[in-house]
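Structure first, commentary second.
Residue numbers (the numbering used here): 5 to 242.
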């Protein structure tokens, strides 16, 4: 387990009504670190992330965030405590303006929205000129930036990212990782589920390899990259 953890998951089992997809997994996320969950398609990575975010109710297990048990709390309650979540799809409101998207991200914060917006625009200057534009007119890279920024409006301690580079061209993937590293440099922890495993491991502190709903291996990201058996069997050459 990671020391100084902002998130600890113990014995998590979760599914979609039938047999659990994720079965008794444990993992932890260090405060201010990038941690990744990687593995083949269908391993249960996104399902586990949805349970941490509060989108799915666990069948069993415990989720400890920032020292408190949040297992039975709603997504909104977790956001209010500092947990941000960016899903893989439908992560921006295309018909709303960039500013309106940001305001929605701050719904749990009743005050300081202007200050948060100014802070986000300092972090990502390209957003300032686009505040009045519909989000649907943004490029793929800009939409990813907006999705991250909307989550940051809640002033999170930890950001959950579900395959943020899925379907993006390599150049846009580079931009998304630049955004993620910028966020981490400001002291915000990141737990990321990614298909591009080598890229995720390159930028992460620690990693969990999931296979068939279980954690097959865990350790530092460097250790995972240095294990040819894992790369060949589970991670592929992405």
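Glycine is no exception: its CB is placed at the ideal position from the N, C-alpha and C atoms.
Following the continuous beta strand (DSSP E) through residue 68, name the residue where it begins and the one where it ends.
That run of the beta strand (DSSP E) goes 64-69.
Please classify residue 182 as buried or exposed, where buried requires at least 16 neighbouring CB atoms within 10 angstroms.
exposed
Rounded distance between the beta-carbons of residue 162 and residue 193, thought under 8 Å:
4 Å
Below 7 Å between beta carbons: does that hold for residue 213 and residue 204?
no
As a quick exercise: from 195, 201, 16, pick the residue whose alpha carbon is nearest that of residue 234.
Looking at the Cα atoms, 201 is the closest of the given residues.
Where residue 39 and residue 165 are concerned, what is the direct C-alpha to C-alpha distance, given to the nearest angstrom?
10 Å
Got a sec: is the Cβ-Cβ distance from residue 20 to anything in chain C below 7 Å?
The question asks about chain C, but that chain is absent: this structure has only one protein chain.
Taking only runs that begin and end inside the segment 85-171, name each unbroken alpha helix (DSSP H) of 4 or more residues, in chain order.
102-109, 117-127, 144-156, all fully within the segment 85-171.
My guess is that residue 152 and residue 69 are in contact by the Cβ rule of under 8 Å, so how many angstroms apart are they, rounded?
Wrong, their Cβ atoms sit about 19 Å apart, outside the cutoff.
Keeping to the same chain, check which residues put their C-beta closer than 6 Å to that of residue 60; ignore five residues upstream and five downstream.
Taking residue 60 as the centre and dropping the five residues before and after it, the same chain places the C-beta of 18, 54 closer than 6 Å to its C-beta, in chain order.
Going residue by residue through the segment 183-223, where are the continuous beta strand (DSSP E) segments of at least 3 residues, counting only ones entirely within it?
193-197, 210-215
Tell me whether the beta-carbon of residue 36 lies closer than 7 Å to the beta-carbon of residue 217.
no
Quick check on residue 1: buried or exposed, where buried means 16 or more other Cβ atoms within 10 Å of its Cβ?
As shown, the chain starts at 5 and ends at 242. That puts residue 1 outside it, with no answer to give.
Using a threshold of 7 Å, state whether the C-beta atoms of residue 140 and residue 98 are closer than that.
Contact flag set, yes.
Given residue 72 as reference, the closest of 26, 27, 13 once Cα atoms are compared:
13
May I ask you to report which of helix, strand or coil DSSP gives residue 73?
Here residue 73 sits in strand by DSSP.
Closest to residue 51 by CA distance: which of 226, 227, 197 is it?
197
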